[in-house]
Amino acid sequence: MLGFHVNARTVSFKGALIAQSPLRVGAGQGQSGFSPIDLSCIRIVKDGREIPYIPGSSLKGVIRSAVEQIIRTAGIKGVDACYPYAASSCFRKYNKMLEEYQRRMRSEVDTEKVIREMLTFVEQNYCLACRMFGATGIAGHVVVRDCYGDKYSFGVRTGIAIDRRTGSVARGALYEVEFVNPGSRFSFEVLMRNMPNYQVGLVAAAILEVNNGRVLIGGMKSRGFGRAKIVVGEVSVDHSPMAGRLEGLIEGDPPVTIPEKGGMDDEEYTLKVLEAFKEAWVKFAADR
Numbered sequence: 004m005l006g007f008h009v010n011a012r013t014v015s016f017k018g019a020l021i022a023q024s025p026l027r028v029g030a031g032q033g034q035s036g037f038s039p040i041d042l043s044c045i046r047i048v049k050d051g052r053e054i055p056y057i058p059g060s061s062l063k064g065v066i067r068s069a070v071e072q073i074i075r076t077a078g079i080k081g082v083d084a085c086y087p088y089a090a091s092s093c094f095r096k097y098n099k100m101l102e103e104y105q106r107r108m109r110s111e112v113d114t115e116k117v118i119r120e121m122l123t124f125v126e127q128n129y130c131l132a133c134r135m136f137g138a139t140g141i142a143g144h145v146v147v148r149d150c151y152g153d154k155y156s157f158g159v160r161t162g163i164a165i166d167r168r169t170g171s172v173a174r175g176a177l178y179e180v181e182f183v184n185p186g187s188r189f190s191f192e193v194l195m196r197n198m199p200n201y202q203v204g205l206v207a208a209a210i211l212e213v214n215n216g217r218v219l220i221g222g223m224k225s226r227g228f229g230r231a232k233i234v235v236g237e238v239s240v241d242h243s244p245m246a247g248r249l250e251g252l253i254e255g256d257p258p259v260t261i262p263e264k265g266g267m268d269d270e271e272y273t274l275k276v277l278e279a280f281k282e283a284w285v286k287f288a289a290d291r
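Just add 3 to wherever you are in the sequence shown, counting from 1, and you've got the numbering used here.
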């Protein structure tokens, strides 16, 4: 993978995230300001209005988790995804080495040489997920923008807590949860800088998992919340709309043919775009 010392290209998917079931991305109890609701949706002031939004960092975490699962399921030798909290995680194994490279960059004259050595070390040792999404001391190549509410409405559901010891309703356990209703629409954009087609394909495969309902977003997933659909309205390369053949970025990286949108509606175009990039990952995996 290329570092950030050059700008080879940036691929972006831009469109909308549409709630298919109640969707709750909340501020947490006690953080709802003057709202009478116990658990309110997180909001932000944009263009003078207070609107719901999904933090890009939260959605990036959802996509990363799905990508890690896809990588592990593929079971390709030398292509893996570490478990972030395990003793064998990339951070726990290699952080001291990264700190040494950073010390050398501050003290040595030939900084470019140290950067090349560090990039080689990361490429050869860090797992694919950490190289794509980042780790402590390593910048990620995937950026997910905050998703701002565009067309939305709110709902409130009353819940109760059950005392596990008695099996009855816990004392004073009635609470209200706010959510955005199904059909609510948010902006969506993900940028993938200096990433080979097969890695963009992993992100595409993760988005397909969201759209198929196998990966959920937000809180209260076990209560029927969290289904969403991501619609890609435009694919851009270096900030210009793109259709046609996109060559591989590195040796062994399969090319991708990005479809023309033409008369296709957004959902049909989304499926064709995501499947085209996912196929690059499938081909890459098959060749290993």
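We put the CB at the ideal spot given by N, CA and C, even for glycine.
Classification of residue i by the beta-carbon crowding that lies within 10 angstroms, buried from 16 upward
{"i": "P25", "result": "buried"}
{"i": "Y201", "result": "buried"}
{"i": "Y129", "result": "buried"}
{"i": "G204", "result": "buried"}
{"i": "A299", "result": "No information on residue 299 is available, as it lies outside the stretch 4 to 291 that the chain covers here."}
{"i": "S60", "result": "exposed"}
{"i": "K154", "result": "exposed"}
{"i": "S225", "result": "exposed"}
{"i": "I21", "result": "buried"}
{"i": "F7", "result": "exposed"}
8 Å CB neighbourhood of residue i in its chain, flanking five on each side removed
{"i": "G266", "result": "none"}
{"i": "R27", "result": "L42, C44, V180, E181, F182, V183, G221, G222, M223, F228 and G229"}
{"i": "Q127", "result": "none"}
Cα-Cα separation, residue i to residue j
{"i": "Y151", "j": "P55", "result": "6 Å"}
{"i": "L177", "j": "G29", "result": "18 Å"}
{"i": "G33", "j": "E270", "result": "Because the pLDDT of G33 is 48, which lies under 50, any placement of that residue in the model is unreliable, and the question is left without a value."}
{"i": "R106", "j": "Y86", "result": "27 Å"}
{"i": "A69", "j": "E115", "result": "35 Å"}
{"i": "A288", "j": "R52", "result": "46 Å"}
{"i": "I210", "j": "I57", "result": "16 Å"}
{"i": "G186", "j": "L101", "result": "45 Å"}
Sequence-distant residues of its chain with Cβ nearer than 6 Å to residue i (five each side left out)
{"i": "I253", "result": "P199"}
{"i": "L297", "result": "One cannot answer for residue 297 here, as it falls past the ends of the chain, which runs 4 to 291."}
{"i": "P244", "result": "E237"}
Contacting residues, own chain, Cβ-Cβ under 7 Å from residue i (five flanking each side not counted)
{"i": "E181", "result": "I40, L42, S43, C44, F157 and V159"}
{"i": "F37", "result": "Summary for F37: the model assigns pLDDT 49, below 50, so the residue's position carries little reliability; its value from the coordinates is reported in the next sentence. For F37, where only same-chain residues beyond five positions count, there are no Cβ hits under 7 Å."}
Rounded distance between the beta-carbons of residue j and residue i, thought under 8 Å
{"i": "Y272", "j": "P262", "result": "7 Å"}
{"i": "A231", "j": "I73", "result": "About 18 Å; that fails the 8 Å criterion."}
{"i": "E192", "j": "R134", "result": "Actually they do not touch by this definition, with Cβ atoms about 22 Å apart."}
{"i": "V292", "j": "L194", "result": "The question about residue 292 has no answer here: the residues shown for the chain are numbered 4 through 291."}
{"i": "F136", "j": "R67", "result": "5 Å"}
{"i": "V14", "j": "V240", "result": "6 Å"}
{"i": "D290", "j": "G251", "result": "Not quite, the Cβ-Cβ distance comes to about 12 Å (not below 8 Å), so this is no contact."}
- Item | 4-residue-minimum alpha helix (DSSP H) runs that sit fully inside the segment 93-145, ordered along the chain | 93-110, 114-128 and 131-136
- Message: For a minimum of 4 consecutive residues, which ranges assigned as the alpha helix (DSSP H) are wholly contained in the segment 185-270?
- Response: 200-214
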